[in-house]
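J.: Let me give you the structure first, and then I'll get to my questions.
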Amino acid sequence: METIDIVMNGLMERYTERVPDVKKITHAMQAAGMIYTQADIENDHVAFRTLGIPNLGIASFEKIFLKLGYTKKDFYHFEAKKIDAFWYAPPSEAYPRIFVSELRIGDLSENAQNIIKKYTDAIKSDPVDDIDLNDGYAIDNFLHSPLWQIPTWADYEALQAESEYAAWVIYNRYYLNHYTISVHNLPLGFDDIYKFNEFLEGIGIKLNNAGGKVKVSPDNGLLQSSTVAEMIDAEFADGSTHRISGSYVEFAERKVLPQFKNIPDDEIKRMHRREGFESNNADKIFESTFSSQTTR
Ligand code: OOG
Ligand code: NI
């Protein structure tokens, strides 16, 4: 198996276990005749969250995917959420795009910075430099091994009060944050995000409604929606257990670009559709793990 396949399979395996909505949606799509197997679902992109501090953050994390053949693309900045992000184009259409974000630690309060440093201070060099990036199993192992201690509940709560994103990363680390179903490649009748959302709600899926259930880019080319993150039973360093946000599922509809509108449907490839991401859509999708969504 290729290194990239080992890494992707490993990520999807852990993620599918942690997020019961993944199988629930796949099974319902099978029952509705939309797909035969999981492999019939095109994975539009996957996302990761990181802490923007020396030796960690995007600069460290991206080394893995650049080595796997990904190309760094556009930058996004989320002022209020104190987050920066880039997306990465895959080496071929067989693989998902990647969206990697990082928390701008320096923009947080002194108190929040100190809490984060308490956990990350022991990291004196970039841990990715210690992995053999030609070894898919070594990468898989790295992505699912803790780089810092599990937080105390008090630290988690203090971080959450200031940054929901910070709390999410301090507990969930590099676990896959979401995978994304390419809605535009589903059979006719389901290939529209509004209809697909109705289908999802019909099977009892709760959608993120921040800024409306469907987030639409200004050019109308990228329409996105997402589930509200699943809650996981998390054990904290003080021995207490609490239900906190885990990961979620996203749905994306990429419209065919105006210059390709005369190409027959069966000849449409990824390159003919709206590429990349959209700041205002992403800003609301981040909230899929926020208490404002998970407790509503
Ligand atoms: C990522 C949110 C943004 C998108 O597709 O714009 C995003 C996150 O929640 O970490 O996934
Ligand atoms: Ni996304």
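For the sequence shown, my numbering gives the first residue as 15, with consecutive numbering after it. Just so it is clear, CB atoms sit at the ideal spot from N, CA and C, and this is done for glycine as well.
Verify whether the separation of the beta carbon atoms of proline 165 and arginine 187 is less than 8 Å.
T.: Counting from 1 along the sequence shown, the entry for residue 165 is found at position 151. Counting from 1 along the sequence shown, the entry for residue 187 is found at position 173. Contact: no.
J.: Using the Cα positions of leucine 202 and arginine 284, report the straight-line distance between them to the nearest angstrom.
T.: For the purposes of this step, residue 202 is taken as residue 188 along the sequence shown, with counting starting at 1. For the purposes of this step, residue 284 is taken as residue 270 along the sequence shown, with counting starting at 1. Going by the C-alpha atoms only, they are around 17 Å apart.
J.: Please report the residue range of the alpha helix (DSSP H) in which glutamate 124 lies.
T.: Numbered from its first residue, the sequence shown carries residue 124 at position 110. 124-134 is the span of the alpha helix (DSSP H), which, as asked, contains glutamate 124.
J.: Is it buried or exposed for asparagine 276, if we count other Cβ within 10 angstroms and need 16 for buried?
T.: Locating residue 276 in the sequence shown gives position 262, counting from the first residue. The residue is exposed, with fewer than 16 neighbouring Cβ atoms inside 10 Å.
J.: Give me the Cα-Cα distance between isoleucine 72 and phenylalanine 250, rounded to the nearest whole angstrom.
T.: Taking the sequence shown and counting its residues from 1, the one referred to as residue 72 is at position 58. Taking the sequence shown and counting its residues from 1, the one referred to as residue 250 is at position 236. Taking the straight line joining both Cα atoms gives about 26 Å.
J.: Give, in chain order, every unbroken run of the beta strand (DSSP E) that is at least 3 residues long and sits entirely within the region 29-98.
T.: Runs of the beta strand (DSSP E) inside the region 29-98: 57-65 and 85-92.
J.: How about alanine 61: is its Cβ closer than 7 Å to a heavy atom in the ligand NI?
T.: Indexing the sequence shown from 1 puts residue 61 at position 47. Correct: alanine 61 has its Cβ closer than 7 Å to the ligand NI.
J.: If contacts are defined as beta-carbon pairs under 8 Å, then valine 60 and isoleucine 153 qualify, I think. What distance do you get, rounded to the angstrom?
T.: To locate residue 60, count along the sequence shown from 1; it is residue 46. To locate residue 153, count along the sequence shown from 1; it is residue 139. Rounded, the Cβ-Cβ distance is 14 Å, inconsistent with contact.
J.: I need the DSSP call for serine 106, collapsed to helix, strand or coil.
T.: Your numbering for residue 106 matches position 92 in the sequence shown. Note: serine 106 maps to coil in three-state DSSP.
J.: Identify whether glutamine 163 lies in helix, strand or coil by the three-state DSSP scheme.
T.: Position 149 of the sequence shown, counting from 1, holds the residue named residue 163. Of the three classes helix, strand and coil, the one that applies to glutamine 163 here is coil, per DSSP.
J.: Comparing alpha-carbon positions, which option in Ala46, Ser240, Ile55 and Ala266 lies nearest methionine 26?
T.: Taking the sequence shown and counting its residues from 1, one reaches residue 26 at position 12. The candidate whose alpha carbon is nearest that of methionine 26 is Ile55.
J.: Under 7 Å from any heavy atom of the ligand NI, does the C-beta of threonine 40 make it?
T.: Position 26 of the sequence shown, counting from 1, holds the residue named residue 40. Flag unset: Cβ of threonine 40 not near the ligand NI.
J.: Let me confirm a value: aspartate 252 is counted as buried when at least 16 other C-beta atoms fall within 10 Å, else exposed. Which label applies?
T.: The sequence position of residue 252 within the sequence shown is 238, counting from 1. When all chains shown are included, aspartate 252 counts as exposed.
J.: If I measure Cβ to Cβ from leucine 221 and keep anything under 8 Å in the same chain, skipping five residues before and after, which residues do I get?
T.: Residue numbering aside, residue 221 sits at position 207 when the sequence shown is read from its first letter. Excluding residues within five positions, the ones whose Cβ falls inside 8 Å are Asn211, Leu214, Glu215, Lys227, Ser239, Ser240, Thr241 and Val242.
J.: May I ask which residues mark the beginning and end of the beta strand (DSSP E) holding alanine 248?
T.: Residue numbering aside, residue 248 sits at position 234 when the sequence shown is read from its first letter. 245-249 is the extent of the beta strand (DSSP E) around alanine 248.
J.: Go through the region 214-271 residue by residue and report every complete run of the beta strand (DSSP E) that reaches 3 residues or more, in order.
T.: Taking only runs of at least 3 residues, the beta strand (DSSP E) segments lying wholly in the region 214-271 are 236-240, 245-249, 255-259 and 262-268.
J.: Could you check if phenylalanine 89 is buried or exposed, using at least 16 other CB atoms within 10 Å of its CB as the buried criterion?
T.: For the purposes of this step, residue 89 is identified with residue 75 of the sequence shown, where counting begins at 1. Flag for phenylalanine 89 reads exposed.
J.: Nearest to arginine 111 by CA position, among Ala53, Ile130, Ala266 and Ile282, is which residue?
T.: The count along the sequence shown starts at 1 and reaches residue 111 at position 97. Of Ala53, Ile130, Ala266 and Ile282, the residue nearest in Cα terms is Ala266.
J.: Measuring CB to CB, does threonine 17 end up less than 8 Å from asparagine 148?
T.: What you label residue 17 is simply residue 3 of the sequence shown in a count that begins at 1. What you label residue 148 is simply residue 134 of the sequence shown in a count that begins at 1. Contact: yes.
J.: Inspect the beta-carbon positions of tyrosine 189 and arginine 28 and report whether they are closer than 8 Å.
T.: For the purposes of this step, residue 189 is taken as the residue at position 175 of the sequence shown. For the purposes of this step, residue 28 is taken as the residue at position 14 of the sequence shown. Yes. Within cutoff.
J.: Just curious, the beta strand (DSSP E) that isoleucine 112 is in, first and last residue?
T.: Reading the sequence shown from its first residue, position 98 is the one you call residue 112. 111-117 is the extent of the beta strand (DSSP E) around isoleucine 112.
J.: Heavy atom of the ligand NI less than 7 Å from the Cβ of histidine 198, yes or no?
T.: Here residue 198 refers to the residue found at position 184 when the sequence shown is read from its first residue. Not under cutoff, so the answer is no.
J.: With a threshold of 7 Å (Cβ to nearest heavy atom), would phenylalanine 113 be considered close to the ligand NI?
T.: The residue given as residue 113 occupies position 99 in the sequence shown. Yes, the ligand NI has a heavy atom inside 7 Å of this Cβ.
J.: Can you pull the DSSP bridge partners for tyrosine 170?
T.: Indexing the sequence shown from 1 puts residue 170 at position 156. Answer is none; tyrosine 170 lacks a bridge partner.
J.: Given that a residue counts as buried once 16 or more other Cβ atoms are within 10 Å of its Cβ, and exposed if not, what is aspartate 169?
T.: In the sequence shown, counting from the first residue as 1, residue 169 sits at position 155. Buried: at least 16 other Cβ atoms inside 10 Å.
J.: Is the beta carbon of valine 114 sitting closer than 8 Å to the one on threonine 64?
T.: Along the sequence shown, one-based indexing puts residue 114 at 100. Along the sequence shown, one-based indexing puts residue 64 at 50. Taking 8 Å as the Cβ cut-off, valine 114 and threonine 64 qualify as a contacting pair.
J.: Given a threshold of 16 other Cβ atoms within 10 Å of its Cβ, counted over all protein chains shown, does phenylalanine 304 qualify as buried or as exposed?
T.: Within the sequence shown, residue 304 is the residue found at index 290, counting from 1. That one is buried.
J.: So, aspartate 35 versus valine 197, is the Cβ gap smaller than 8 Å?
T.: Start at 1 with the first residue of the sequence shown, and residue 35 comes out as number 21. Start at 1 with the first residue of the sequence shown, and residue 197 comes out as number 183. Their beta carbons are not under 8 Å apart, which means aspartate 35 does not touch valine 197 by this criterion.
J.: How many Å lie between glycine 83 and histidine 286 at the Cα?
T.: The count along the sequence shown starts at 1 and reaches residue 83 at position 69. The count along the sequence shown starts at 1 and reaches residue 286 at position 272. Near 21 Å, if we compare the C-alpha coordinates of histidine 286 and glycine 83.
J.: I want to check one thing, is the minimum distance from the CB of histidine 192 to the heavy atoms of the ligand NI below 7 Å?
T.: Along the sequence shown, read from residue 1 onward, the residue named residue 192 stands at position 178. Checking the Cβ of histidine 192 against the ligand NI gives yes.
J.: Quick one: what does DSSP say arginine 288 is sitting in, helix, strand or coil?
T.: Residue mapping note: residue 288 aligns to position 274 of the sequence shown, counting from 1. Here arginine 288 sits in coil by DSSP.
J.: Would you kindly check if the distance between the Cβ of tyrosine 179 and the Cβ of isoleucine 258 is under 8 Å?
T.: Walking along the sequence shown from the start, residue 258 turns up at place 244. Walking along the sequence shown from the start, residue 179 turns up at place 165. Against a cut-off of 8 Å, the Cβ pair of tyrosine 179 and isoleucine 258 comes out as no contact.
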